[in-house]
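In the numbering used here, the protein residues as written are -19 to 142.
1) If distances are taken between C-alpha atoms only, which option among 72, 114, 74 and 100 comes closest to residue 88?
2) How many angstroms separate the CA atom of residue 4 from the CA atom of residue -16?
3) Can you grab the Cα-Cα spacing for the pair residue -1 / residue -7, in whole Å?
4) Starting from residue -8, follow the alpha helix (DSSP H) in both directions and report where the run begins and ends.
5) Taking C-alpha atoms, which residue in 90, 117, 29 and 116 lies nearest to residue 105?
6) Beta carbon of residue 50, beta carbon of residue 70: below 7 Å?
7) Mind checking residue 135: buried by the 16 CB within 10 Å criterion, or exposed?
8) Taking DSSP as the reference, what is the three-state secondary structure of residue -11?
9) The alpha helix (DSSP H) spanning residue 126 covers which residue range?
10) Put residue 93 into one of helix, strand or coil per three-state DSSP.
11) Anyone know if the C-beta pair for residue 73 and residue 45 falls short of 7 Å?
12) Let me confirm a value: residue 109 is counted as buried when at least 16 other C-beta atoms fall within 10 Å, else exposed. Which label applies?
13) In the DSSP assignment, the alpha helix (DSSP H) including residue 37 goes from what residue to what residue?
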């Protein structure tokens, strides 16, 4: 068993899971391409281009601005200061905004009220999604802020005495 791990680099279970995920992805791809193959391929290439040419520069620039803005804060404990790395601070903004953006990406037609017959079709109100998305975003940011405060407090307590 260790010979396999030395040659492959992981356990046989890892290899089985990777092969299974490839099989599921192949099955899904074949099912997806069965209908409108050209339309799916155009959509896929278009999504890759829009991501690489529009979204990647925007969120890379935003991330750099936030990194400069946050900087490494110093947590004071008595006379000592233990810095919490800037990357850790920025991650407390990255994660909630990533999750919020993912929710927006999935639910944008409902959040932006772009589905005209939603209420008639489902019998559910269509005007609640924007408020709920904003509430979820605010909650994610609040939880992340609490986690950052706890982390900074622990870093302050762990500062070595002079």
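In this text, a Cβ means the ideal position worked out from N, Cα and C, and glycines have one as well. Keep in mind that this is a model prediction, so the values were computed, not measured.
Let me spell this out:
1) Counting from one through the chain shown, the residue named residue 88 turns up at place 108. Checked all of 72, 114, 74 and 100; the closest Cα to residue 88 is 114.
2) For the purposes of this step, residue 4 is taken as residue 24 along the chain shown, with counting starting at 1. For the purposes of this step, residue -16 is taken as residue 4 along the chain shown, with counting starting at 1. Across the structure, residue 4 and residue -16 are spaced so that their CA atoms are roughly 25 Å apart.
3) Residue -1 sits at position 19 when you count from the first residue of the chain shown. Residue -7 sits at position 13 when you count from the first residue of the chain shown. If you take the alpha carbons of residue -1 and residue -7, they lie about 10 Å apart.
4) Position 12 of the chain shown, counting from 1, holds the residue named residue -8. Bounds of the alpha helix (DSSP H) holding residue -8 are -8 to 13.
5) Within the chain shown, the letter at position 125 stands for residue 105. Of the residues 90, 117, 29 and 116, the one whose Cα lies closest to the Cα of residue 105 is 90.
6) By 1-based counting over the chain shown, the position of residue 50 is 70. By 1-based counting over the chain shown, the position of residue 70 is 90. Yes.
7) Position 155 of the chain shown, counted from the start, is the residue given in the question as residue 135. So residue 135 counts as buried.
8) For this step, residue -11 is matched to residue 9 along the chain shown. Coil at residue -11, not helix or strand.
9) The residue you call residue 126 lines up with position 146 of the chain shown. In the DSSP assignment, residue 126 falls within the alpha helix (DSSP H) that extends over 109 to 137.
10) As a first step, residue 93 must be located in the chain shown, where it is residue number 113. In the three-state DSSP reduction, residue 93 falls in the coil class, being neither helix nor strand.
11) Mapped onto the chain shown, residue 73 falls at position 93. Mapped onto the chain shown, residue 45 falls at position 65. No.
12) For the purposes of this step, residue 109 is taken as residue 129 along the chain shown, with counting starting at 1. A residue is called buried once 16 or more other Cβ atoms fall within 10 Å of its Cβ, and residue 109 is buried on that count.
13) As a first step, residue 37 is located in the chain shown; it is residue number 57 there, counting from the start. Segment 36 to 50, the alpha helix (DSSP H) holding residue 37.
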